[in-house]
Amino acid sequence: MNNALALSGRAMARSRDGSIFDPEADVWSYRDNSVIVRLDFSALRAELSLRQCAKAVLRWYAENKSAPHLVNLFERLEHFLNAQEYPVRQIESAMLLSYRALLPKSRAWYFGTLGGLILKWRALGYEGIADDAASLIKSSRVAGNLKGEAVLTLDAKLGPLTDIESQAIASALEAALESGSVSEGDYLLAQLFMLLGQRAVQYAALKVRDLQLIKSADGMCAYLLRIPRAKQQNQSSREAFRDRLLIPRVGERLYRHCRRLQDRFGDQFPDAGDVPMFPTTNVRKQAPPAFRLHRTSDSLAKTLGRTLRKLNVISERTGARIHIAPLRFRRTLGTRAAIEGHGELVIAELLDHSDTQNVGVYTQAVPQIIERIDRAVAMHLAPLAQAFAGVLIEDESQASRKDDPTSRICDPYIDPTMRPMGSCGRHGFCDLLAPVACYTCRSFQPWRDGPHEAVLQYLLNERERFVGQSDVRIASINDRTILAVAEVVRLCAERQADESVTNG
């Protein structure tokens, strides 16, 4: 056995991604690319000899594995040791059995992760693990992390977002950018999370050079984003990439954002293309040279949460503010791909998995996702969804553009008499499809006597038609609009009832 107390060698160690740290220090504190590492060995309920051996083992992980994996292992070891009554000199089977019995089902995977660390500890030849402890781990059937539970149960807090929730967030985000309550950088970060569903560590590693403008022979522009891969064995966070095509509206705005960043920070780098796509101006901990001015993954995740929470978007499922977590957008992306009929290989590629072992849950969840929406359901959900964003008015005389006939919203397909649904309060060109898109627009002013029932019935009939054709993905696209129209119908009926009471 090697004795960690007698270890010799170089004074400093180098992490897999190039950060320098003192492996003998009680606190390891450094930044590894976009992740801050802080391991406090003095906080472990362990005798000095075991702490020294733990340092030696975790040094191997620091030098050979990713920073998030290292931090996870330390946290699992810390959780186990601090559950013991006295400082531990050697990890024994009785301690492990007692610890496993204390873990709730949701944390059963802690034991599996700890077991992997213990087996590696023994394989490296360091003291601190009793023979019976190693034998117990080898013979145990350990439960893994319940990765698919939130997807399979469509958990309203941690699972995939519904189309209505996703559209509500997107609509509120656009309005916040227009009003200036959300900065363009935060808006773009949120858009990338929602559209691409990648991990925060991947966005933290982005540089402006990763966005490419591609012009075709006919002058059309396409925007290709090279996403650094994450969680790949024996690779740093910018050694491999996956290409993602952005929708033009977001791609064009992101391209302008990158050019402005190059103008602002380019003279601080040998190559202006190395400017981070989401930079920090508050450098508290020295980053590796290749990640200068990059924000951490934790910082970006917090920014996403702060940005979307201020929108105060309500879920039609719970009637409460939608819980925001980066992982929900990954789960939403995987779920949508499954609904559209894509297989496990495509879903794995979209989510940047190297294999398909963790993506089967999405295809299993598909039958539960698309629910029937009829008039009764729409009227019930409408107040909760808060999809209608405009203002109900009596008639055109109350419209903000009452003297402009072009502001009237009509559709002969829905109402052949061309009776207006309402007025548009927006000055300027709108490229959205009226009247369907109007009901979720803040500028829409529906008239109380407008043919809103006809609009609602039209949308419900179209939904049923697509469901009948087994095109469930298309069928659900207008679900939020259905709820917005239903809310207008409800408000009209409510106002009519109030007048009836007033008039006796």
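For the sequence shown, the tail end lands on 836 under this note's numbering, and the numbers increase by one without skipping.
From the three backbone atoms N, C-alpha and C, an ideal C-beta is built for every residue, glycine too.
### Query
Hey, I450 and I469: beta-carbon distance below 8 Å or not?
As a working mapping, residue 450 is identified with position 118 in the sequence shown. As a working mapping, residue 469 is identified with position 137 in the sequence shown. Contact check for I450 against I469 passes: the beta carbons are separated by less than 8 Å.
### Residue range of the beta strand (DSSP E) that includes D463
Residue numbering aside, residue 463 sits at position 131 when the sequence shown is read from its first letter. It is not in any beta strand (DSSP E) - D463 instead sits in the alpha helix (DSSP H) that spans 463 to 471.
### Segments of 4+ residues assigned as alpha helix (DSSP H) that fall wholly inside the region 550 to 625
For the region 550 to 625, whole alpha helix (DSSP H) runs of length 4 or above, ordered along the chain, are 580 to 597.
#### Entry: Own chain partners of E516 with C-beta closer than 8 Å, once the 5 adjacent residues on each side are dropped
On the sequence shown, position 184 is the one that residue 516 refers to. Answer for E516: L509, R585, H589, listed in chain order.
### Task
Could you tell me which residues DSSP puts in a beta bridge with L371?
Mapped onto the sequence shown, residue 371 falls at position 39. Note: L371 sits in a beta bridge opposite W360.
### Message
According to DSSP, is L428 part of a helix, a strand, or is it coil?
### Response
Looking up residue 428 in the sequence shown gives position 96. Helix, per DSSP.
### Message
According to DSSP, simplified to helix, strand and coil, what is C385?
### Response
Against the sequence shown, residue 385 aligns to sequence position 53. Here C385 sits in helix by DSSP.
### Query
Is the CB-CB distance between I546 and A554 below 8 Å?
To locate residue 546, count along the sequence shown from 1; it is residue 214. To locate residue 554, count along the sequence shown from 1; it is residue 222. Their beta carbons are under 8 Å apart, which means I546 touches A554 by this criterion.
### Query
Are there 16 or more other CB atoms within 10 angstroms of the CB of I579, so buried, or fewer, so exposed?
By one-based count along the sequence shown, residue 579 stands at place 247. The residue is exposed, with fewer than 16 neighbouring Cβ atoms inside 10 Å.
#### Entry: Sufficient close CB pairs (3 or more, under 8 Å) joining the region 385 to 395 to the region 429 to 440
With fewer than three CB-CB distances shorter than 8 Å, the region 385 to 395 does not count as touching the region 429 to 440.
### Buried or exposed by the 16-neighbour rule on C-beta atoms within 10 Å, applied to R454
Position 122 of the sequence shown, counted from the first residue, corresponds to residue 454. Here R454 is buried. Its C-beta has 16 or more other C-beta atoms within 10 Å.
#### Entry: For I746, three-class secondary structure by DSSP
Counting from 1 along the sequence shown, the entry for residue 746 is found at position 414. Of the three classes helix, strand and coil, the one that applies to I746 here is coil, per DSSP.
### Rounded Cβ spacing between G782 and M753 (contact assumed at less than 8 Å)
Position 450 of the sequence shown, counting from 1, holds the residue named residue 782. Position 421 of the sequence shown, counting from 1, holds the residue named residue 753. G782 to M753, Cβ: 4 Å. Contact.
### Query
Is it buried or exposed for K489, if we count other Cβ within 10 angstroms and need 16 for buried?
Working through the sequence shown from its first residue, we reach residue 489 at position 157. An exposed status is given to K489, since fewer than 16 other beta-carbon atoms sit within 10 Å of its beta-carbon.
### Query
Is the Cβ-Cβ distance between W360 and V369 less than 8 Å?
To locate residue 360, count along the sequence shown from 1; it is residue 28. To locate residue 369, count along the sequence shown from 1; it is residue 37. Cβ atoms of W360 and V369: closer than 8 Å.
#### Entry: Three-state class that DSSP yields for A343 in the structure shown
Translated into positions along the sequence shown, residue 343 becomes position 11. Looking at A343 - three-state DSSP - the assignment turns out to be coil, as it is neither helix nor strand.
### Query
Of the choices H626, N793, F353, A766, whose alpha-carbon is the least far from that of P611?
Residue 611 sits at position 279 when you count from the first residue of the sequence shown. Taking only the C-alpha atoms, the option nearest P611 is H626.
### Query
For G675, which three-state DSSP category applies?
Translated into the one-based positions of the sequence shown, residue 675 becomes position 343. Note: G675 maps to coil in three-state DSSP.
### Query
By a C-beta neighbour count over all protein chains shown, 10 Å radius and 16 as the cutoff for buried, is E676 buried or exposed?
As a working note, residue 676 is residue 344 in the sequence shown. Only buried fits E676, as 16 or more other CB atoms lie within 10 angstroms of its CB.
### Task
Could you tell me the boundaries of the beta strand (DSSP E) in which F720 lies?
By 1-based counting over the sequence shown, the position of residue 720 is 388. Note, F720: premise wrong, no beta strand (DSSP E); not H, not E.
### Separation of E417 from A532, as counted between CA atoms
Mapped onto the sequence shown, residue 532 falls at position 200. Mapped onto the sequence shown, residue 417 falls at position 85. Distance between the alpha carbons of A532 and E417: 37 Å.
### Message
For the pair the region 759 to 777 and the region 732 to 748, tell me if three or more CB-CB distances fall below 8 Å.
### Response
Counting Cβ pairs under 8 Å, three or more are found: they touch.
### Task
May I ask you to list the residues that DSSP assigns as paired with C756?
Reading the sequence shown from its first residue, position 424 is the one you call residue 756. DSSP output for C756 lists F776 as bridge partner(s).
### Task
Excluding the 5 residues preceding and the 5 following H784 in the sequence, name in chain order all residues of the same chain whose CB lies nearer than 8 Å to its CB.
Here the question's residue 784 lines up with position 452 in the sequence shown. Within the same chain, H784 has close Cβ partners M753, P778, V817, V820, V821, C824.
### Query
In this structure, what does DSSP give as the bridge partners for K547?
Here residue 547 is taken as the residue at index 215 of the sequence shown, counted from 1. Under DSSP, K547 takes part in a beta bridge, and its partners are C553.
### Query
What is the DSSP secondary structure of A766, reduced to helix, strand or coil?
Residue mapping note: residue 766 aligns to position 434 of the sequence shown, counting from 1. Three-state DSSP puts A766 in coil, outside helix and strand.
### Query
Would the beta-carbon of R668 fall within 8 Å of that of A482?
As a working note, residue 668 is residue 336 in the sequence shown. As a working note, residue 482 is residue 150 in the sequence shown. Their beta carbons are not under 8 Å apart, which means R668 does not touch A482 by this criterion.
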